[in-house]
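J.:
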Amino acid sequence: MNELRFSPHSSLFSMWPHPDPEMESIWFMQDACGGIWRADLSFSMTSKGPERLYECPAGPARALATCPVGTLMAVTGDDGHVSVFNYRTRDLLARNRHPAGGNSLIWLTQEVCKQTCMILGGFADGCIRLLELHAGTKKGSYGMSLMFVQKPHTAAITVIKQSPSGRMLVTASDDGTVWFFSLLMEEEKFVVAPLGFSRYGEPGETVTCLEFVPGSEKKFTLFTGRGRVVEMRTPGVKDLTDHSTYGIKGVRGRSWIFKTVKSEILQEEARIAREEEKQKQRTALQEDIDERKKVGVEVEEEVEKDKLEKRLAAEDRDIPEIPLVVPEPPFTLLMDGWDAGWVHSAAFREARPSAVRVPGASDVGVSVRRFSPDGQYLLLGLCDGRIRVHAVQPDNPWYLDDYWVLSMHDNTYGRITDIQFTYDQRNVITCGADGNVFLFDFNPPEGMARPRSSRIALVGPLAEQRKAAVKTELAELRRDFKQWIVQNQALPKEVALSHEDLLLDERIRAEQQRRAEENLETARKEMEWEADKYRLGRKKLFDRFKSTVDYDRVVVRGFKNCREVWTFRVKTLSESFLEARDQSDSAVSQLEVVSVSRTGSSAVPSRSRIAVPADPDANRFEQMSVSARRQTRKSVGIRAYRALLRLEEKKTRRRRRRTQWANMMARRPDQNRDDPTDLAAIQTALDSLGDFKLKTAADFKVVDSRQNTARLKRHQLISVKEEIRKHKTEFNSRVLELRRRKKEVLREICASLTRAGELQKKLPPSQHVKLPEQPSLADDESPEAIYQISEEALAEYRKAAMEVGAHRARPVVQRSDTDQTLTKVAEMRTAFARDQELRKMSELIEEFDECVYEVWKEMVRIEYELKNADLRLITRFRELVLVREFEKQEALLNRVLQEKMQEDTEAQMALAEVTQRFEARTREQEELEQGIVALAKEVTNNIPGDKYAKFLLRVYKRKIKRKSDTKKDDDSDDSDSSSSLSDSDDDSDSDDEDEDEEDAIQETWDLSVCPPGCDQQLYDWVAQTRLKR
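Residue numbers are given in the working numbering: position 1004 of the sequence shown equals residue 1004, and the series is strictly consecutive.
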């Protein structure tokens, strides 16, 4: 025989083989403790042990809790397991087993325990356990640890509930007691501290529900399974004075038990229906008698009427009354058993409750109710596993005609035990006694949209009129139809119509149904279109006026003084501005950044309070409290205490000297390091000092980084705008912080006023003082509240009535002198405590007014600087305009300059060409002149010094006309020839003026002919030389 050992906590009750024939040795087992196992029954050497394939809750799931910030949920049930799932990925993250089943869970918020991984649960063994979800050793794994366990009850804990602030925990058990715990942080550690307990009833009376009174931190109401409603309050400081026991007295209030009204309502409905039936029979009898009289039949009218009345009296029966309890408003109970399917409500001051029938849930109990976080929908969990979603009407929260139902849990034993919304309100999670947990996407049907109050006000009266008219018409048609039926029954069978003939044709009914559905669909589409239109209009308005604003105007006022501060309206930076800023930053690398505030304003220290840390070198005895020093002196004696003081003073001085020396050595600069102050002064001298008369020099040129260009001015303009925005944003943050501080002060003042009012109620009227009014925020101090719906407004819609307390006259009791003295002492203490609360409230107000005054002075300075910045912004803009104009003129002048420079370059090139030609001609002329001089010298040397020498020189110097081959040469020399013809020899004329007669005789000689006596060859050579010249 072989065997396999499974987990000791498993309970196998069924098994089945693997569907694959080749794996016949593999079997699957179902575990009653929540799981499915896989086992290899081959019992070979290589077979593996049993493997758990899946884990799930075993038995009924009693409670669940959702994480307030993530997609996690925790589930517990009768099997004692607390499982944490990720409902988005459907993964089991951690599971922890406890010796008793869980009945209630709370996932603590970050405001309570500084974390979001703490789960508090109430179990069937009377213990409360604190569990912490943490990361596992492997990546992506999680674990759960037990951080705290305490057993305040002797029976199962049925309900645990947090106060609205989350600082008080209330637990109720079947042992008839209610325990109070304080949830607080001590030395960065979350602690659940017990305060005490109080009895609400006898053991065995189960608390099914615990609800805090809306708007109250102290009062709460218990609903028991026996139909009793108990009013209680959380304990105060005075209730915890008895340290000998945890029992607390005086916290239990009124308790009422009501009888059921369902029997009375049913009896009244049966009586009305019976009276209608009687009236019908009387009418039919009278019509029958009238018909018989018309045909001449004798009728004993009184006898037949008496017979009918006796028969009706014999058929009458009474409806028995069945007693059951109900709550009071705003306490409303949805009962089980005989009163299932009814909503009961009553008040403590009323003896008879009222009841409303739940449509579609006849004789089906409601186990869980849950309002959506926005208060628009009500979810009901029924005992048959169905879930109902009701649209909450603003004027009637318990109007249950508009609903939608879904059946998911088992209809026989799937009683729904808990319903929770996820943190984003997009999903609903339910758990039931069938052990199943379902996750739903919360998308209410289109026809369940919450009606608007304005639309109800406009359409309501008209709709009521139309409904009344339709109802009147239907009543008339119904009456006529009944008369026709009576007349038809009076006719003989051969003439009377049969029952089938009187039935309405199904085709007519189908056509009417189709038209009604079409009308409903059209109305729904019209409403959707109208809703989308208003939604789109609101979105456009928001995008136009609100989305472009980062900070709107928010005013913060003082309480007593008339000072007020406000935020500056700051718009969102546009894309064009961001693009211009990026371009300016990328184009200009080193530019002068213009600051809005002056140089000294940035060095002004903040006026806000600065927390000064404790001095580690201070005297330890000085840091001790007075009571601690007194205790130390008593324990060691006066002399030893004084010696300790002197020794501690020496140690303190030594520590301070050591600290000062270390700080001085730490501030000692390096020997090779330059002084930053000297480097800055040198750089300033290089940038600013110099001979400014050099700017008038012809070769002076402005550095590029200091030129006033449009790009520089644009960068300066953008910098000024950014500085203005920076100053406004910083100041706005300070004003919003001040508003947050005012809200805290208002809460503290409200608490002080509440405590002072409670204390004053305990005093006689002669010692009453006028309490100040409760201050509040004005409309302009929270403008964003206009676009939001507060929880108080939603609570007003949910409340059906306000609780009115009854004041009873106290009997006058004769007291002794001692009692009167004790009463006076108590009154003095109460008056002192009340005055302390009022004094604390006055200090808070004065402190806040002082902060407002400081911020107001800062706002005046900021406004002054912002005005200067606006003027500087205008100056920068004007400079930008002027620089742009200058750049335009400079561009025009540069274009003209370029043209003139081009012309000058061309002229220089032409001049160079002409100069080159001139120089060539000059060199040619010089060469010709040198040739002429050489020829003249040669002629002078060859002519003998006789009387014909002057004649031959005249022949040589004579100007003659040279014949050239080109016309150009002829034209150029024409003037010379003509001049030579007119005056053949100007030189000879000038020379002949100073000659004697001999010369005059030679002048008569013809120069073209050799005179007699002259050498002919010499004359010809001179003529050839003249031609050569």
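Quick reminder that beta carbons are idealized off the backbone N, C-alpha and C, glycines included.
#1: So what's residue 824 in DSSP terms, helix, strand or just coil?
#2: With DSSP as the reference, identify every bridge partner of residue 732, one or two as the case may be.
#3: State buried or exposed for residue 434, treating a residue as buried only when at least 16 other CB atoms are found within 10 Å of its CB.
#4: Please state whether DSSP places residue 419 in a helix, a strand or coil.
#5: Alpha carbon to alpha carbon, how far is residue 99 from residue 9?
#6: Is it buried or exposed, residue 841, if we count other Cβ atoms within 10 angstroms and call 16 or more buried?
#7: Excluding the five sequence neighbours on either side, which residues of its own chain have a C-beta within less than 7 angstroms of the C-beta of residue 775, listed in chain order?
#8: Would residue 367 be called buried (16 or more neighbouring beta carbons within 10 Å of its own) or exposed?
#9: As an exercise, report each continuous beta strand (DSSP E) stretch of at least 3 residues that is fully enclosed by the segment 108-145, in chain order.
#10: Could you give the DSSP three-state label for residue 290: helix, strand or coil?
#11: What number of angstroms, rounded off, separates the C-alpha of residue 735 from the C-alpha of residue 387?
#12: Curious, which full-length alpha helix (DSSP H) runs of at least 4 residues does the segment 504-530 contain?
#13: Give me the residue from 443, 419, 423 and 425 with the minimum Cα distance to residue 436.
#14: Give the single residue among 541, 391, 905 and 357 whose Cα lies nearest to the Cα of residue 370.
#15: Starting from the C-beta of residue 196, find all residues in its chain whose C-beta is less than 7 angstroms away, skip the five residues before and the five after it, and write them out in chain order.
#16: I need the DSSP call for residue 830, collapsed to helix, strand or coil.
#17: Using only alpha-carbon positions, find the residue among 496, 641, 567 and 908 that is nearest to residue 783.
#18: Which value, in whole angstroms, describes the spacing of the CA atoms of residue 853 and residue 550?
#19: Can you tell me which of the three DSSP states residue 537 falls into?
#20: Identify, in the order they occur along the chain, each residue of the same chain with its Cβ nearer than 8 angstroms to the Cβ of residue 16, setting aside the five sequence neighbours on each side.
#21: Taking 8 angstroms as the cut-off, does the segment 907-914 touch the segment 738-745 (at least 3 CB pairs, one atom from each stretch)?
#22: Whole angstroms is fine: what's the gap from residue 330's alpha carbon to residue 228's?
#23: Could you tell me the alpha carbon to alpha carbon distance between residue 44 and residue 53, rounded to whole angstroms?
#24: Could you round the C-beta distance between residue 343 and residue 356 to whole angstroms and report it? I think they count as a contact, below 8 angstroms.
#25: Using 8 angstroms as the cut-off, can you tell me whether the segment 944-958 makes contact with the segment 1012-1022, which would need three or more C-beta pairs spanning the two stretches below that distance?
#26: Which of helix, strand or coil does DSSP assign to residue 403?
#27: Which partner residues does residue 183 have in the DSSP bridge list?
#28: Using the beta-carbon count (16 or more within 10 Å), is residue 74 buried or exposed?
#29: Residues in the same chain with beta-carbon distance under 7 angstroms from residue 456, minus the five sequence neighbours each way, listed in chain order, please.
#30: Would residue 79 and residue 33 be called neighbours here (beta carbons separated by less than 8 angstroms)?
#31: How is residue 853 classed by DSSP in three states: helix, strand or coil?
#32: Spell out the partners DSSP gives residue 63 in its beta bridges.
#33: At what residues does the beta strand (DSSP E) containing residue 211 begin and finish?
#34: Within the same chain, show all residues whose beta-carbon is closer than 6 angstroms to that of residue 833, passing over the 5 residues directly before and after it, in chain order.
#35: Whose C-alpha, out of 301, 276 and 274, is nearest the C-alpha of residue 286?
#36: Is residue 724 helix, strand or coil by DSSP?
T.: According to the structure shown:
#1: Numbered from its first residue, the sequence shown carries residue 824 at position 824. In this structure, residue 824 counts as helix in the three-state DSSP scheme.
#2: Counted from its first residue, the sequence shown places residue 732 at position 732. Its beta-bridge partners do not exist; DSSP assigns none.
#3: Taking the sequence shown and counting its residues from 1, the one referred to as residue 434 is at position 434. Result: buried.
#4: On the sequence shown, position 419 is the one that residue 419 refers to. Strand, per DSSP.
#5: Here residue 99 is taken as the residue at index 99 of the sequence shown, counted from 1. Here residue 9 is taken as the residue at index 9 of the sequence shown, counted from 1. Residue 99 and residue 9: Cα-Cα distance of roughly 11 angstroms.
#6: On the sequence shown, position 841 is the one that residue 841 refers to. By the 10 Å Cβ count, residue 841 comes out buried.
#7: Locating residue 775 in the sequence shown gives position 775, counting from the first residue. Contacts found: 559, 746 and 749.
#8: Within the sequence shown, the letter at position 367 stands for residue 367. Per the 10 Å Cβ criterion, buried.
#9: As far as the segment 108-145 is concerned, its whole beta strand (DSSP E) runs of at least 3 residues are 118-123 and 128-135.
#10: If you number the sequence shown from 1, residue 290 lands on position 290. Residue 290: helix per DSSP, three-state reduction.
#11: For the purposes of this step, residue 735 is taken as the residue at position 735 of the sequence shown. For the purposes of this step, residue 387 is taken as the residue at position 387 of the sequence shown. If I take the Cα positions, the gap works out to 48 angstroms.
#12: For the segment 504-530, not a single whole alpha helix (DSSP H) run of length 4 or above is found.
#13: By 1-based counting over the sequence shown, the position of residue 436 is 436. Checking every option, the nearest Cα to that of residue 436 belongs to 419.
#14: What you label residue 370 is simply residue 370 of the sequence shown in a count that begins at 1. Taking the Cα of residue 370 as reference, the smallest distance to any Cα among 541, 391, 905 and 357 is reached at 391.
#15: Residue 196 sits at position 196 when you count from the first residue of the sequence shown. So the list reads 180, 235, 240, 246, 247 and 248, once near-sequence residues are dropped.
#16: By one-based count along the sequence shown, residue 830 stands at place 830. Note: residue 830 maps to helix in three-state DSSP.
#17: Here residue 783 corresponds to residue number 783 of the sequence shown, with the count starting at 1. Among 496, 641, 567 and 908, the Cα nearest to that of residue 783 belongs to 567.
#18: Along the sequence shown, one-based indexing puts residue 853 at 853. Along the sequence shown, one-based indexing puts residue 550 at 550. A straight line joining the alpha-carbon of residue 853 with that of residue 550 spans about 25 angstroms.
#19: The residue labelled residue 537 in the question sits at position 537 within the sequence shown. Three-state result, residue 537: helix.
#20: Counting from 1 along the sequence shown, the entry for residue 16 is found at position 16. Cβ neighbours of residue 16 beyond the five flanking positions: 27 and 28.
#21: The answer is no - the segment 907-914 does not touch the segment 738-745, with fewer than three Cβ pairs under 8 angstroms.
#22: Position 330 of the sequence shown, counted from the start, is the residue given in the question as residue 330. Position 228 of the sequence shown, counted from the start, is the residue given in the question as residue 228. Legend: pLDDT at residue 330 = 46, less than 50; position of this residue unreliable, no value from coordinates given.
#23: Counting from 1 along the sequence shown, the entry for residue 44 is found at position 44. Counting from 1 along the sequence shown, the entry for residue 53 is found at position 53. Rounded to the nearest angstrom, the gap between the Cα atoms of residue 44 and residue 53 is 21 angstroms.
#24: What you label residue 343 is simply residue 343 of the sequence shown in a count that begins at 1. What you label residue 356 is simply residue 356 of the sequence shown in a count that begins at 1. Between residue 343 and residue 356, the beta carbon gap of about 5 angstroms places them in contact (Cβ cut-off 8 angstroms).
#25: Yes, they touch.
#26: Counting from 1 along the sequence shown, the entry for residue 403 is found at position 403. Note: residue 403 maps to strand in three-state DSSP.
#27: In the sequence shown, the residue the question calls residue 183 occupies position 183. DSSP, once it has assigned bridges, lists 192 as partnering residue 183.
#28: Position 74 of the sequence shown, counted from the first residue, corresponds to residue 74. By the 10 Å Cβ count, residue 74 comes out buried.
#29: As a first step, residue 456 must be located in the sequence shown, where it is residue number 456. Reliability fails at residue 456, whose pLDDT of 32 lies under 50, so the model's placement of it is uncertain and no value is given.
#30: Within the sequence shown, residue 79 is the residue found at index 79, counting from 1. Within the sequence shown, residue 33 is the residue found at index 33, counting from 1. Contact: yes.
#31: The residue given as residue 853 occupies position 853 in the sequence shown. In this structure, DSSP gives residue 853 a helical state, which the three-state scheme calls helix.
#32: If you number the sequence shown from 1, residue 63 lands on position 63. Residue 63 is bridged to 76.
#33: The residue you call residue 211 lines up with position 211 of the sequence shown. Secondary structure note for residue 211: its beta strand (DSSP E) is the uninterrupted segment 207-212.
#34: Taking the first residue of the sequence shown as 1, we reach residue 833 at position 833. Cβ within range, chain order: 759.
#35: For the purposes of this step, residue 286 is taken as residue 286 along the sequence shown, with counting starting at 1. Looking at the Cα atoms, 301 is the closest of the given residues.
#36: Taking the sequence shown and counting its residues from 1, one reaches residue 724 at position 724. In this structure, residue 724 counts as helix in the three-state DSSP scheme.
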